[in-house]
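Residue numbers (the numbering used here): 161 to 388.
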Ligand code: CDP
Ligand code: CDP
């Protein structure tokens, strides 16, 4: 079989990139990797150990020690999705050694996507994060950069948190999101930014179905995806 195809999806928090990535993967028969979950896993490991996520040395050590088994367990942990874990993830993600430690796992996933549920071979991989199109998979056959205004994104995240029964207020979520946007786009290594060849998808006034349709139209028009 030919080399797996890769779709790279980047964008800020709660822009809808994870939802879009899951839906594209399901429609195309591709495996999906939420790379934010890897940074969250490092952040959560430190929090559980009572260690400061802003300590670069400790963060680097925790990232290097994560095994694929640890990652699988943490990815399914409900605490991975809290805003406290997101903030810890954003702190550890500025550390170059942390990013380096997570690079092989991500590139390996793209090159050899795991089988889908039911054992079917995946025909490709969709990775979503902040630096997939720019750093992790610069050769991806299709790249999307998903955005929305910070107010719309804070509103979405608030709804998600409340839906899970968390106590959250809009002003706090908005502030956390602005902090994280600033840290993610201003860091020296692999900052959040669209790849030069990414398709910009502003979902501020699109629902998840409309975003999916626009993305699918873009992906299908790429020569590598002809006939999918
Ligand atoms: O779901 P949400 O967009 O809120 O966050 P996430 O994608 O789970 O990412 C959590 C944090 O991990 C981000 O704020 C980034 O600091 C970091 N991250 C990163 O640096 N690079 C990636 N490829 C993915 C996430
Ligand atoms: O992965 P990321 O943090 O970028 O966002 P997400 O977790 O996929 O989406 C955040 C929320 O926005 C979810 O509750 C989605 O149902 C909703 N949403 C969306 O994903 N896409 C839209 N175009 C509109 C809303």
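Cβ atoms here follow ideal geometry from the backbone N, Cα and C, with glycine treated the same way.
**OP:** Would you tell me roughly how many angstroms separate the C-alpha atoms of residue 362 and residue 176, rounded to the nearest one?
**Re:** Numbered from its first residue, the chain shown carries residue 362 at position 202. Numbered from its first residue, the chain shown carries residue 176 at position 16. Approximately 10 angstroms, taken between the alpha carbons.
Original post:
residue 307 by DSSP, collapsed to three states: which one?
Top reply: Start at 1 with the first residue of the chain shown, and residue 307 comes out as number 147. In this structure, residue 307 counts as strand in the three-state DSSP scheme.
**OP:** Run through the stretch 161-206 for me and flag every whole beta strand (DSSP E) of 3 or more residues, listed as ranges in chain order.
**Re:** 165-170, 191-194
Subject >> As assigned by DSSP and simplified to three states, the class of residue 229 >> reply: What you label residue 229 is simply residue 69 of the chain shown in a count that begins at 1. DSSP places residue 229 in helix when its eight states are reduced to three.
Subject >> From 172, 372, 268, residue whose alpha carbon lies closest to that of residue 186 >> reply: The sequence position of residue 186 within the chain shown is 26, counting from 1. Considering only alpha carbons, the answer is 372.
Subject >> Buried/exposed call for residue 251, threshold 16 Cβ in 10 Å >> reply: Against the chain shown, residue 251 aligns to sequence position 91. Burial call: buried.
Original post:
residue 223: buried (16+ other C-beta within 10 angstroms of its C-beta) or exposed?
Top reply: One-based indexing of the chain shown puts residue 223 at position 63. Counting Cβ neighbours within 10 Å, residue 223 comes out buried, since at least 16 surround it.
Original post:
Which residues have a Cβ closer than 6 angstroms to any heavy atom of ligand 2, listed in chain order?
Top reply: 171, 173, 174, 175, 176, 177, 178, 179, 316, 320, 363, 366, 367, 368, 371
Original post:
Applying the criterion that 16 or more other CB atoms from any shown protein chain within 10 Å of the CB defines a buried residue, is residue 329 buried or exposed?
Top reply: Translated into the one-based positions of the chain shown, residue 329 becomes position 169. Exposed, because fewer than 16 other Cβ atoms sit within 10 Å of the Cβ of residue 329.
Original post:
Grouping DSSP H, G and I as helix and E and B as strand, with all else coil, what is residue 237?
Top reply: Against the chain shown, residue 237 aligns to sequence position 77. Coil.
Subject >> residue 245 burial status per 10 Å Cβ neighbour count (16 or more: buried) >> reply: Reading the chain shown from its first residue, position 85 is the one you call residue 245. The residue is buried, with at least 16 neighbouring Cβ atoms inside 10 Å.
Original post:
If we call anything under 7 angstroms between Cβ atoms a contact, is residue 240 one with residue 198?
Top reply: Translated into the one-based positions of the chain shown, residue 240 becomes position 80. Translated into the one-based positions of the chain shown, residue 198 becomes position 38. Taking 7 angstroms as the Cβ cut-off, residue 240 and residue 198 do not qualify as a contacting pair.
**OP:** May I ask you to report which of helix, strand or coil DSSP gives residue 299?
**Re:** Counting from one through the chain shown, the residue named residue 299 turns up at place 139. Residue state, collapsed to three classes: coil.
**OP:** Could you tell me whether any non-hydrogen atom of ligand 1 is closer than 6 angstroms to the CB of residue 323?
**Re:** The residue labelled residue 323 in the question sits at position 163 within the chain shown. Outside the cutoff, so no.
Original post:
How many Å lie between residue 291 and residue 310 at the Cα?
Top reply: Locating residue 291 in the chain shown gives position 131, counting from the first residue. Locating residue 310 in the chain shown gives position 150, counting from the first residue. C-alpha separation (whole angstroms): 19 angstroms.
Subject >> Neighbourhood of residue 254 by C-beta, 6 angstroms cutoff - its chain only, sequence neighbours within 5 removed >> reply: Here the question's residue 254 lines up with position 94 in the chain shown. Same-chain partners within the cutoff: 347.
**OP:** To the nearest angstrom, report how far apart residue 379 and residue 385 are at their CA atoms.
**Re:** Counting from one through the chain shown, the residue named residue 379 turns up at place 219. Counting from one through the chain shown, the residue named residue 385 turns up at place 225. Each residue's Cα considered, the two are about 7 angstroms apart.
Subject >> Three-state secondary structure assigned by DSSP to residue 348 >> reply: As a working mapping, residue 348 is identified with position 188 in the chain shown. In the structure shown, residue 348 sits in coil (DSSP, three-state: anything other than H, G, I, E or B).
Original post:
Looking at C-alpha atoms only, which residue of 339, 382, 233 is the closest neighbour of residue 205?
Top reply: Along the chain shown, read from residue 1 onward, the residue named residue 205 stands at position 45. Minimum Cα distance to residue 205 is reached at 233.
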